[in-house]
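Only one structure is covered here, and it is reproduced in the block below.
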Amino acid sequence: MLNRIKIVTSLMLVLAIFGLLQLTSGGLFFNALKHDKENFTVLQTIRQQQSTLNASWVALLQTRNTLNRAGIRYMMDQNNIGSGATVNDLMQIASVSLKQAEKNWAAYEALPRDPRQSDAEAMEIKRNYDIYHGALAELIQLLGAGKINAFFDQPTQSYQDGFEKQYVNYLLQNDKLYQMAGGKQQQLLQPGDLGADQRADGCAGGHRGRVAGYQAGADLSADPSHRQHPPYRQWRSGEAH
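In structure tokens, the structure reads:
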């Protein structure tokens, strides 16, 4: 009788230990599931932010590139050697791309932010966006008014560099959040076009590959060396007569 009691007690003890292990493993599983869900939400939020912000950045570069073409065309028209798209056509294209930049920026600002993202960084990138956007809008007004000297004298490149610097800082910050979120989500959700030949790995890398072509043409209006462009020299020579 005593042996039977010991056997039953042992079985009950084994069942209790087994049940405790089940509860522990179940709790760990649901905790991990909750953690993965939070990471997924963070990665999705960052992914959407980067997509809209990058689209705004590209549209700003497109705007400046088109305005540079319009400025050159304006000078060529002064010497009756212009061909192709007119100044008005190019200014219209620039206005459309600037509005697209505004739309993408508004979409970026409407997205929620992760609490771990720096408020100071967010304020700084907005400040530099406003400066660069305002400069491009001013270029459209100057060229529309025929103020070509003021158009080329605007230090647009410094405004562009300021925004780019904050944009890179933002991507570096997100790169750290990606690493914190970790796991397979990072490999699955991190944009593939943000990874090659860039100044930083991970999130901070991708913007240059996408916008390098636009930047090649966007350095015109603020670079004094472009005052040596033949149409500009001819136009200034004609102005002096």
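Residue 12 is where the sequence shown starts when you use the working numbering, and the numbers rise one by one after that. Where a beta carbon is used, it is the ideal one built from N, C-alpha and C, also for glycine.
For T74, same chain residues with a beta-carbon under 6 Å away, outside a window of 5 residues either side, are A105, S108, L109, L147 in chain order.
If you ignore the 5 residues before and after L64, its C-beta comes within less than 6 Å of the C-beta of Y119, all in its own chain and listed in chain order.
The alpha-carbon separation between N79 and V53 amounts to approximately 39 Å. A Cβ-Cβ distance of about 16 Å is found for the pair Q177 and N115, leaving them out of contact under the 8 Å criterion. Assigned with DSSP and collapsed to three states, D125 falls in coil, not helix or strand. Taken through DSSP and simplified to helix, strand or coil, G155 comes out as helix. Between I136 and Y181, the CB-CB gap stays under 7 Å. The C-beta of G30 has fewer than 16 other C-beta atoms within 10 Å across all chains shown, which makes the residue exposed.
In the three-state scheme derived from DSSP, where H, G and I count as helix and E and B as strand, I92 is classed as coil. Selection F163, D186, Q171 evaluated against A70 yields Q171 as nearest (Cα-Cα).
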